[in-house]
Amino acid sequence: FIDAVVFDLDGVITDTAHYHFLAWREMAREMNIEIDEVFNERLKGVSRMASLELILEEGNRQNDFTLHEKETMAEKKNQHYCQFLNHLTPQDILPGIVELISAIKSEGVPIGLASVSKNALTVLRALQLDNTFDYIVDASKVKKTKPDPEIFLTACNRLEADPERSIGIEDAAAGIDSIKASKMFAVGVGNTLYKSDYQVAATKGLKWENIKSEYQTWRNMQ
Ligand code: G16
Ligand code: MG
Numbered sequence: 011f012i013d014a015v016v017f018d019l020d021g022v023i024t025d026t027a028h029y030h031f032l033a034w035r036e037m038a039r040e041m042n043i044e045i046d047e048v049f050n051e052r053l054k055g056v057s058r059m060a061s062l063e064l065i066l067e068e069g070n071r072q073n074d075f076t077l078h079e080k081e082t083m084a085e086k087k088n089q090h091y092c093q094f095l096n097h098l099t100p101q102d103i104l105p106g107i108v109e110l111i112s113a114i115k116s117e118g119v120p121i122g123l124a125s126v127s128k129n130a131l132t133v134l135r136a137l138q139l140d141n142t143f144d145y146i147v148d149a150s151k152v153k154k155t156k157p158d159p160e161i162f163l164t165a166c167n168r169l170e171a172d173p174e175r176s177i178g179i180e181d182a183a184a185g186i187d188s189i190k191a192s193k194m195f196a197v198g199v200g201n202t203l204y205k206s207d208y209q210v211a212a213t214k215g216l217k218w219e220n221i222k223s224e225y226q227t228w229r230n231m232q
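Taking full-length UniProt numbering, the leading residue of the sequence shown gets 11, the next gets one more, and so forth.
Structural data, given as structure tokens:
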């Protein structure tokens, strides 16, 4: 009765969300802009260039740079970020994720991955999860960043899943908005994802039996 489950990558499968933050903070400091983890919530699930625009706006410097300069800054952030990726191993898969994936797969439910990151495949390879998902949607396959529904709808479409009978799992507000705009059931990992249909504080709380029963309750209300 569930067509598909679609996972976000950064912050759900592994804690690269934190590496994105460290890399942006380093780049922002070079521009004399200070960002903290509260501000960083707004960058989660948002594409590289859109994140840069938000940071420049935060420092009131949105009109100070040419497109070429902005591309150089984004590239610099990516270099910082890729240095962290060099150290990523399967041990960096967040608690509960391997168990969750195998529980879903044992019921024959297809799983997808929806990440706006250009580094998604590099991350999946480092975690040895590149052959785990039935379909992967990354930055190369979509035009719009989250919160637009395009990425989750593309995943459902390729998995031949009806979004209204599918589940999305996200750690970012923009990601939850993207799932809800797709009409899927939204599972949030965090404490402030008020728009999710079901929220757990951390990935170790993601239990397939609980997700299924929350989904069923939600379906019955539709
Ligand atoms: C991720 C992160 C964002 C990041 C974006 C682009 O999205 O959450 O913070 O800005 O990818 O990443 P890159 O610079 O590697 O292309 P998601 O959808 O995996 O949460
Ligand atoms: Mg995320």
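For every residue, glycine included, the Cβ atom is placed at its ideal position computed from N, Cα and C. Remember, predicted model here, so these are calculated numbers, not experimental data.
Is the region 94-107 close to the region 128-148, with three or more CB pairs under 8 angstroms? yes
Between which residues of its own chain and I12 is the CB-CB distance below 6 angstroms, once the five residues before and five after are set aside? V119
For the alpha helix (DSSP H) holding L64, just list the boundary residues, first then last. 58-68
Exposure of D148, with buried meaning 16 or more beta-carbon neighbours within 10 Å: buried
Rounded to the nearest angstrom, what separates V210 and E63 at their Cα positions? 30 angstroms
Of the listed residues N201, N230, T202, S192, nearest to V15 (C-alpha basis): S192
Any idea which residues DSSP pairs G122 with across the strands? V16, Y145
In the DSSP assignment, what are the bridge partners of T24? D20, I103
In the DSSP output, which residue or residues are listed as bridge partners for F195? I177
Taking C-beta to C-beta, are A184 and L203 nearer than 8 angstroms? no
Using the three-state DSSP reduction, which class does Q232 fall into: helix, strand or coil? coil
Where does C92 land, buried or exposed, given buried means 16+ other C-beta within 10 angstroms? exposed
Alpha carbon to alpha carbon, how far is R35 from K86? Give it in angstroms, no decimals. 11 angstroms
Could you check if H78 is buried or exposed, using at least 16 other CB atoms within 10 Å of its CB as the buried criterion? exposed
Range of the contiguous beta strand (DSSP E) that encloses Y204: Neither: Y204 is in no beta strand (DSSP E) and is coded neither H nor E.
Go to L163, then tell me how far its alpha helix (DSSP H) extends in each direction, as first and last residue. 160-168
Delimiting residues of the alpha helix (DSSP H) encompassing L134: 130-136
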